[in-house]
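Colleague: Numbering (this note's numbering), first residue to last: 1 to 117.
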């Protein structure tokens, strides 16, 4: 079962890398007001959602303690990110503030995962 947990954790990290990487590649365009949500950002957020749910399910199935408040906060942040990216995915330009919000929420989600013990 540990192999399965590590597999899903690896996929979860790949999802966050795609989401954050998509944001970082658009930083220059954001400064010029021409940033857009690239497909990698949507796919990364979806990957994070699916693998995160799988990780929580596997941990609970094994009888491990899960911090439901932490998971709920991370899920809420991810749902906001996913909603914004999904709704604005076809627009050629996204407002700087909205684009920056997605990047900030992505980093917030990372720090919640790492620092909240």
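Note that the Cβ used here is the ideal one computed from N, Cα and C, for glycine as well.
#1: For the pair the segment 98-106 and the segment 80-89, tell me if three or more CB-CB distances fall below 8 Å.
#2: What is the DSSP secondary structure of residue 109, reduced to helix, strand or coil?
#3: How is residue 205 classed by DSSP in three states: helix, strand or coil?
#4: Look at the alpha carbon of residue 206 and the alpha carbon of residue 31, and state the distance between them as a whole number of angstroms.
#5: By the DSSP assignment, the alpha helix (DSSP H) with residue 44 in it spans what residues?
#6: Give the secondary structure of residue 93 by DSSP, where H, G and I count as helix, E and B as strand, and everything else as coil.
#7: Along the chain, where does the alpha helix (DSSP H) that runs through residue 12 open and close?
Modeller: Walking through what the data contain:
#1: Under the three-pair Cβ rule at 8 Å, the segment 98-106 counts as touching the segment 80-89.
#2: If DSSP states are grouped into helix, strand and coil, residue 109 belongs with the helices.
#3: In the structure displayed, the chain extends from 1 to 117; residue 205 sits before or after that span and is not available.
#4: The structure shown does not extend to residue 206, since the chain is modelled only from 1 through 117, so no value can be given for it.
#5: First-last of the alpha helix (DSSP H) with residue 44: 39-61.
#6: Three-state DSSP puts residue 93 in coil, outside helix and strand.
#7: Segment 2-25, the alpha helix (DSSP H) holding residue 12.
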